[in-house]
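For any residue, its number in the numbering used here is found by taking its place in the sequence shown, counting from 1, and adding 1453.
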Amino acid sequence: MSDCRQIKGRPNETMSNLYLLHKPYRMLSQFTDRQGRATLADVIDVPGVYAAGRLDYDSEGLLLLSDDGSLIHRIAHPRHKQPKTYWVQVEGQIDEAALAALKSGVTLKDGPTLPAKARRIEPPAIAPRDPAIDPKRHPSTSWLELTISEGRNRQVRRMTAHVGFPTLRLIRAAIGAWRLNDLKPGEWRRETLHAPRTATPNQRQKPSSRHVQKQRKQPTPGRQR
1454 MSDCRQIKGR PNETMSNLYL LHKPYRMLSQ FTDRQGRATL ADVIDVPGVY AAGRLDYDSE
1514 GLLLLSDDGS LIHRIAHPRH KQPKTYWVQV EGQIDEAALA ALKSGVTLKD GPTLPAKARR
1574 IEPPAIAPRD PAIDPKRHPS TSWLELTISE GRNRQVRRMT AHVGFPTLRL IRAAIGAWRL
1634 NDLKPGEWRR ETLHAPRTAT PNQRQKPSSR HVQKQRKQPT PGRQR
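See the structure below:
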């Protein structure tokens, strides 16, 4: 699976490709689907890459992919606890009491969550969702930024619902040091990482100065959105 290459003059290091993708709304975090729903194959055509983790069908934002299995493991495995930051649009005007509860940790059906970072933010400068949230059904909304270090199923949605503010839109803005930045839905960019050849899972990959321009593949006609 790995497509790492030894760096000339640096025999103890390898190079790995990491792809940062802005996954659109209503797209699966996989490359095939028997039901004809939109998949990653509609927006990225790099052979041999796999997603490091997943993002729900109805969530948007940063998804990391690589052709290096060991790198995928280091990013995705729960024991490495890569913090993930989300921009969350919720029903109503979230208050300080709710933010304090999220920061302290809330008790869900599968147990208490770890303390999180939470703060109210202005609406982020990001492309509108398609379809947009209906202002008639949801006349009052607000945004928060939430950073967690766990990866439970639909955890962010359950956390905001628990404190009384259901999630309407969920965008992952960062995974560890990797950020969505100005990628638009369906766009991706590549980063080349340097790592010691004998790296352990706890040794951090270092981005090199090499990268390629943002790219976008035109979606395949006829896909369900």
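Glycine included, C-beta positions come from ideal geometry on N, C-alpha and C.
Query raised in the report: CB Leu1633 to CB Leu1471, shorter than 8 Å?
Result: No, they are not a contact pair.
Requested in this report: Would you check if the distance between the CB atom of Phe1618 and the CB atom of Gly1545 is smaller than 8 Å?
Outcome: Cβ distance < 8 Å, so Phe1618 and Gly1545 count as in contact.
Report task. Please list, in chain order, all residues of the same chain as Val1541 whose beta carbon is under 8 Å from its beta carbon, the five residues on each side excluded. Result -> Cβ within range, chain order: Trp1596, Leu1597, Glu1598, Leu1599, Val1609, Thr1613, Thr1620, Arg1622, Leu1623 and Ile1624.
**Report entry** Alpha-carbon spacing of Arg1573 relative to Trp1631, whole angstroms
**Finding:** One alpha carbon belongs to Arg1573, the other to Trp1631, and they sit about 22 Å apart.
Report task. Could you work out which residue in Ala1491, Leu1473, Asp1511 and Glu1513 is closest to Tyr1503 when comparing CA atoms only? Result -> That would be Leu1473, whose Cα lies nearest to the Cα of Tyr1503.
Requested in this report: Please determine, among Glu1644, Met1468 and Tyr1539, the residue with the shortest C-alpha to C-alpha distance to Glu1603.
Outcome: Nearest option by C-alpha distance: Tyr1539.
Query raised in the report: Would you report the Cα separation of Tyr1478 and Pro1584, rounded to the nearest angstrom?
Result: Cα-Cα distance, rounded: 9 Å.
Query raised in the report: Taking the Cβ atom as the reference point for each residue, do Gly1629 and Pro1536 lie within a distance shorter than 8 Å?
Result: Pro1536 is positioned such that its CB atom lies closer than 8 Å to that of Gly1629.
Query raised in the report: Of the choices Lys1589, Gly1489, Leu1508 and Thr1566, whose alpha-carbon is the least far from that of Ile1601?
Result: Comparing Cα positions, the closest option is Thr1566.
Query raised in the report: Counting along the chain, where does the alpha helix (DSSP H) carrying Arg1610 start and finish?
Result: In the DSSP assignment, Arg1610 falls within the alpha helix (DSSP H) that extends over Gln1608 to His1615.
Query - Extent of the continuous alpha helix (DSSP H) to which Arg1527 belongs - result: Note, Arg1527: alpha helix (DSSP H), Gly1522 to Ala1529.
Query raised in the report: According to the Cβ coordinates, are Ser1469 and Asp1521 closer than 8 Å?
Result: In this structure, Ser1469 places its C-beta atom within 8 Å of the C-beta atom of Asp1521.
Requested in this report: Please classify His1647: does DSSP put it in a helix, a strand, or coil?
Outcome: Secondary structure at His1647: strand, using DSSP grouped into helix, strand and coil.
Query raised in the report: Within 10 angstroms of its Cβ, does Ser1512 collect 16 or more other Cβ (buried), or is it exposed?
Result: Looking at its Cβ environment, which holds 16 or more other Cβ atoms inside 10 Å, Ser1512 is buried.
Report task. Given a cut-off of 8 Å, decide if Ala1571 and Leu1555 are closer than it, judged by their beta-carbon atoms. Result -> A Cβ-Cβ contact shorter than 8 Å links Leu1555 with Ala1571.
Query raised in the report: How many whole angstroms separate the CB atoms of Val1559 and Val1616, which I take to be in contact at a CB cut-off of 8 Å?
Result: Going by Cβ atoms, the distance from Val1559 to Val1616 rounds to 6 Å, so yes, they are a contact pair.
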